[in-house]
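Peer 1: Just passing along the structure, written as structure tokens.
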Amino acid sequence: MRNPFSPKVSQKAAFLLLFFATLLVIVPVGMVIVVILKNGAKAVTWEFLSQMPSAGMRAGGILPAIVGTFYLVVGAVLFALPLGLCAAIYLSEYSKENLMNRIVRLAIINLAGVPSVVFGLFGLGLFVGFFKFGASILAGSLTLGVMILPVIITSSREALGSVPKSFREVSLSLGATKLQTICYAVLPHALPGVLTGTILGVGRAAGETAPILFTVAAFYLPRLPRDIFDQAMALPYHLYVLSTQVPNVDPKVRYGTALVLLSIVLIMNLIAIMIRSYFRARKKW
-12 MRNPFSPKVS
-2 QKAAFLLLFF
8 ATLLVIVPVG
18 MVIVVILKNG
28 AKAVTWEFLS
38 QMPSAGMRAG
48 GILPAIVGTF
58 YLVVGAVLFA
68 LPLGLCAAIY
78 LSEYSKENLM
88 NRIVRLAIIN
98 LAGVPSVVFG
108 LFGLGLFVGF
118 FKFGASILAG
128 SLTLGVMILP
138 VIITSSREAL
148 GSVPKSFREV
158 SLSLGATKLQ
168 TICYAVLPHA
178 LPGVLTGTIL
188 GVGRAAGETA
198 PILFTVAAFY
208 LPRLPRDIFD
218 QAMALPYHLY
228 VLSTQVPNVD
238 PKVRYGTALV
248 LLSIVLIMNL
258 IAIMIRSYFR
268 ARKKW
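Oh and the sequence shown: position 35 is 22 in my numbering, straight run, nothing missing.
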């Protein structure tokens, strides 16, 4: 049957359809950012960022929550990135393509979709209870690390698989070992993809409430944590508490806290994107 529409009309229709689909994604996100900026910008002052909370969190600043969030995210990445990268290298470079390998890969993909509250209960049972870390930065960081581990493994494995096989063949033909080939001929070219997974993990770790609720978060702690076995305040849980459990809080304080959390995630992502762009610029293929 002959197509009643010309190629130009079909192309314009497809372009408009894709354009409106993009708007459906961008507009709600943009509206959220605008509302947060409009209502929270006035609350974000130097005192708000640098002072301890007071009066049951109705006054003062959010410094402990900022520091606690930073510690948790850094701890999660330090745990998940090396472990996830090593697991991805094994699955991509060493393991054989068989039924067990496919089951492991499917399990990792499914773990990426597990609700965060399940990871929180897992961290509560394993790190807080079994290993006796208690409610601490260590337990919270490890829980968040386990939560973002599937994302890092999956993205790292895809990045390693995208490196041409000829790179490996040339390296091995020159007398390099398997490990040397991975370290010097494969991994440098896969780093941008690895960092992409890390960026996604950082965004999720910084914004989750349920895992830290069970493992680290303190309701009101007007001091900075002293070591990794201390409890800590965190911005997602702090925002949840301000919105649901503390009466008579100025709404601009809530929006200001949300704006600070959004800014921290954005800054961390920008740093990771700059590092990724640096490695991409060094690619020769």
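Cβ coordinates follow ideal geometry from the N, Cα and C atoms, glycine included.
Checking 7 Å against the spacing of the C-beta atoms, do I199 and Y224 come in under that value?
Peer 2: Taking 7 Å as the Cβ cut-off, I199 and Y224 qualify as a contacting pair.
Peer 1: Assuming P209 contacts A219 under a Cβ cut-off of 8 Å, what Cβ separation, rounded to an integer in Å, is found between them?
Peer 2: At roughly 12 Å, the Cβ-Cβ gap does not stay under 8 Å, so P209 and A219 are not in contact.
Peer 1: Report the three-state DSSP secondary structure of E156 (helix, strand or coil).
Peer 2: DSSP places E156 in helix when its eight states are reduced to three.
Peer 1: Looking at the structure shown, is G100 part of a helix, part of a strand, or coil, going by DSSP?
Peer 2: Coil.
Peer 1: Could you spell out the range, first to last residue, of the alpha helix (DSSP H) harbouring P188?
Peer 2: For clarity, residue 188 is Gly in the given sequence; the question names Pro instead. Per DSSP, G188 belongs to the alpha helix (DSSP H) from 174 to 194.
Peer 1: Measuring alpha carbon to alpha carbon, tell me which residue in T231, N256, F6 is nearest M44.
Peer 2: Of the listed residues, the one whose Cα sits closest to M44 is T231.
Peer 1: Within its chain, find whatever has a CB closer than 8 Å to the CB of R267; leave out the 5 residues flanking it on each side and keep chain order.
Peer 2: Only P179 meet the Cβ criterion.
Peer 1: Taking DSSP as the reference, what is the three-state secondary structure of G43?
Peer 2: Reduced to three states, the DSSP call for G43 is coil.
Peer 1: Measure the C-alpha to C-alpha separation of T32 and P40 and round it to an integer number of angstroms.
Peer 2: Rounded to the nearest angstrom, the two C-alpha atoms are 14 Å apart.
Peer 1: Can you give me the start and stop residues for the alpha helix (DSSP H) that E145 sits inside?
Peer 2: 124 to 149 is the extent of the alpha helix (DSSP H) around E145.
Peer 1: To the nearest whole angstrom, what separates the beta carbons of A126 and T202, a pair I think is in contact under 8 Å?
Peer 2: About 4 Å separates the two Cβ atoms, so the contact holds.
Peer 1: Just how far apart, CA to CA, sit L10 and L24?
Peer 2: One C-alpha to the other measures close to 20 Å.
Peer 1: Nearest CA to the CA of I215: which residue from G184, Q38, S128?
Peer 2: Comparing Cα positions, the closest option is S128.
Peer 1: Alpha carbon to alpha carbon, what distance is there between G55 and Y227?
Peer 2: Computed Cα separation, rounded: 15 Å.
Peer 1: Flag I20 as yes when its Cβ comes closer than 6 Å to any non-hydrogen atom of the ligand GDP, and as no otherwise.
Peer 2: Within the structure as shown, the ligand GDP is missing, as the structure has no ligands at all.
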